[in-house]
Amino acid sequence: MKKLTIWGAIATLPAGLGMWVFPTMPADARNQFDVCVQQIQGTGVPVTKAKVACSDALIPKELSRCVSQIKGRTSINPEDALEACYQVRRPVDLANCVTDINRAIPLAPTTTTGSYQSEEGTPLSLEASSKIESDPSLFSLESCRRSLLPGRYSECVIALSRNGEETSPVQAMKTCLTAEDFPREIFPTYPQN
């Protein structure tokens, strides 16, 4: 009987040590919705907006990671970042795209003009269009959001901005975004809608 007690104590020792070495986290810390709301609220977004966005997110931790990463590494308003991160399927890819472009290229505000189109293809209002184009950081956020392959897009923008002294960052972003369209010149017989 004494040996059985000793062996039983030895068998439970690793479990006891595991509880001591690896303490469990409180239940609310593991709730991804709580983590999302806290992280987004920490960036300066009002709590009501953070709650609505997190409650509707497919993967709340990715949404909050996107907003936090953009806020921490760029000068973009956290509410603008939340809106863009909320609208994409892969928010972490969006954040990486925006932060890569902002880190690699000096994005000083410019006074470029031109038309910018919304996701539906309709031109944005003159005020919204000029706001986006006058702030290259905001333009990078919008163009990364519209890009189908954000990682590839950011590489394109960085390369074009570095290798051409005549190419502004905004022009590089426009060129790379346009390049993602289906190449009709290569496939001229492809039916057009």
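The sequence shown begins at 10 in my numbering and counts up by one.
By construction, the Cβ of each residue, glycine as well, lies at the ideal position given by its N, Cα and C atoms.
For K80, same chain residues with a beta-carbon under 8 Å away, outside a window of 5 residues either side, are T52, G53, P87, A90 in chain order. If you check the CB distance, D102 and I167 do not come in under 8 Å. Runs of alpha helix (DSSP H) with 4 or more residues, each lying fully within the stretch 150 to 185, are found at 159 to 171, listed in chain order. DSSP, read as helix, strand or coil, puts T108 in helix.
Using a Cβ distance threshold of 8 Å, Q96 and R154 count as a contacting pair. The shortest CA-to-CA distance from L72 to any of S177, C106, A59 is the one to A59. The three-state secondary structure of D43, taken from DSSP, is helix. Contact between S146 and N111 holds: CB atoms are separated by about 6 Å, below the 8 Å threshold. One alpha carbon belongs to S163, the other to N40, and they sit about 33 Å apart. Inter-residue distance for D43 and N172 is about 44 Å (C-alpha atoms, whole angstroms). Inter-residue distance for T176 and P115 is about 13 Å (C-alpha atoms, whole angstroms). Residue environment: A181 is assigned as buried (16 or more neighbouring CB atoms within 10 Å of its CB, all protein chains considered). Minimum Cα-Cα distance from P69 among the listed residues T83, Q48, R82 corresponds to Q48. In the same chain as D65, and ignoring 5 residues on each side of it, the C-beta atoms closer than 8 Å to its own belong to Y95, in chain order. Residue state for V101 is assigned as helix, using DSSP reduced to three classes. For the pair V179 and T83, the Cα-to-Cα distance works out to about 16 Å. Membership of P69 in the alpha helix (DSSP H) is indicated by the continuous run 69 to 82. Looking only at S156, R99, K183, A62, the smallest Cα-Cα distance to L169 is reached by K183.
Contact between C75 and P100 holds: CB atoms are separated by about 4 Å, below the 8 Å threshold.
DSSP, reduced to helix, strand and coil, places L116 outside both helices and strands of the structure shown, so it counts as coil.
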